[in-house]
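*Asks:* One rule links them: number in the working numbering = place in the sequence shown (from 1) + 11. Structure below; questions to follow.
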Amino acid sequence: DGSSSSSSTGVASSASSYWLTSDVAKAHEGMLEGAKSVAQMTRRIIANELARCVSPDWNLVIVGHSLGGGTAAVLGTLWKTTFPGLKVFAYGCPCVGPADAEPTLNN
Numbered sequence: 012d013g014s015s016s017s018s019s020t021g022v023a024s025s026a027s028s029y030w031l032t033s034d035v036a037k038a039h040e041g042m043l044e045g046a047k048s049v050a051q052m053t054r055r056i057i058a059n060e061l062a063r064c065v066s067p068d069w070n071l072v073i074v075g076h077s078l079g080g081g082t083a084a085v086l087g088t089l090w091k092t093t094f095p096g097l098k099v100f101a102y103g104c105p106c107v108g109p110a111d112a113e114p115t116l117n118n
């Protein structure tokens, strides 16, 4: 239907590229800015809390749904070397991925 096409085009047109360790990825600009903001405000706090954990086997888990899932996915890519045991669970989120990927629309 037309709304899916319009929605898909809107997300693709407002996508921004960002650098990973050796690759470039693409995400909606709002998700990227949200992930950067969360990272800046919380990275040090989370690292300190994980260092104080009773069990050294504890790792960070990020969960998000919809745009929050996309933000969680971006945050996970930004933090993949900072928190090596990191796991991200994103449900119903927009595509976040390699910068050379093209959006597709499936019925």
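We put the beta carbon where it would ideally sit given N, CA and C, even for glycine.
Measuring CA to CA, which of Ser77, Ile73, Gly96 and Pro95 is closest to Asp86?
*Replies:* For the purposes of this step, residue 86 is identified with residue 75 of the sequence shown, where counting begins at 1. Checking the displayed sequence, the identity of residue 86 turns out to be Leu instead of Asp. Looking at Ser77, Ile73, Gly96 and Pro95, the one whose alpha-carbon comes closest to that of Leu86 is Ile73.
*Asks:* Tell me whether Gly75 sits in a helix, a strand or coil according to DSSP, three-state version.
*Replies:* Along the sequence shown, read from residue 1 onward, the residue named residue 75 stands at position 64. DSSP places Gly75 in strand when its eight states are reduced to three.
*Asks:* If you draw a straight line from the C-alpha of Ala84 to the C-alpha of Pro67, how long is it?
*Replies:* As a working note, residue 84 is residue 73 in the sequence shown. As a working note, residue 67 is residue 56 in the sequence shown. Taking the straight line from one Cα to the other gives about 24 Å.
*Asks:* For Lys37, does the three-state DSSP call read helix, strand or coil?
*Replies:* Here residue 37 is taken as the residue at index 26 of the sequence shown, counted from 1. Correct three-state label for Lys37: strand.
*Asks:* Excluding five sequence neighbours on each side, which residues of the same chain lie with their C-beta closer than 7 Å to the C-beta of Thr20?
*Replies:* Reading the sequence shown from its first residue, position 9 is the one you call residue 20. Here the model assigns Thr20 a pLDDT of 38, short of 50, so the residue's position is not dependable, and the following value carries that caveat. So the list is empty, once near-sequence residues are dropped.
*Asks:* If you draw a straight line from the C-alpha of Leu43 to the C-alpha of Val65, how long is it?
*Replies:* Locating residue 43 in the sequence shown gives position 32, where the first residue counts as 1. Locating residue 65 in the sequence shown gives position 54, where the first residue counts as 1. Going by the C-alpha atoms only, they are around 33 Å apart.
*Asks:* For the candidate residues Ala36, Met52, Gly45 and Leu61, whose alpha-carbon lies nearest to that of Gly96?
*Replies:* Within the sequence shown, numbered from 1, the residue matching residue 96 stands at position 85. Here the closest residue by C-alpha is Leu61.
*Asks:* Are Asn70 and Lys98 touching if we call contact CB-CB under 8 Å?
*Replies:* Against the sequence shown, residue 70 aligns to sequence position 59. Against the sequence shown, residue 98 aligns to sequence position 87. Going by C-beta atoms, Asn70 is nearer than 8 Å to Lys98.
*Asks:* Can you list, in chain order, the residues of its chain whose CB lies under 7 Å from that of Ala50, leaving out five sequence neighbours each side?
*Replies:* Here residue 50 refers to the residue found at position 39 of the sequence shown. Around Ala50: Leu86, Leu89 and Trp90.
*Asks:* What number of angstroms, rounded off, separates the C-alpha of Ala23 from the C-alpha of Ala36?
*Replies:* For this step, residue 23 is matched to residue 12 along the sequence shown. For this step, residue 36 is matched to residue 25 along the sequence shown. Bear in mind that a pLDDT of 43 at Ala23, under 50, signals an unreliable position, so the number given afterwards is only what the model happens to contain. Looking at the two C-alpha atoms, the distance is approximately 13 Å.
*Asks:* Just the Cα atoms here: how many angstroms apart are Gly103 and Ile56?
*Replies:* For the purposes of this step, residue 103 is taken as residue 92 along the sequence shown, with counting starting at 1. For the purposes of this step, residue 56 is taken as residue 45 along the sequence shown, with counting starting at 1. One C-alpha to the other measures close to 28 Å.
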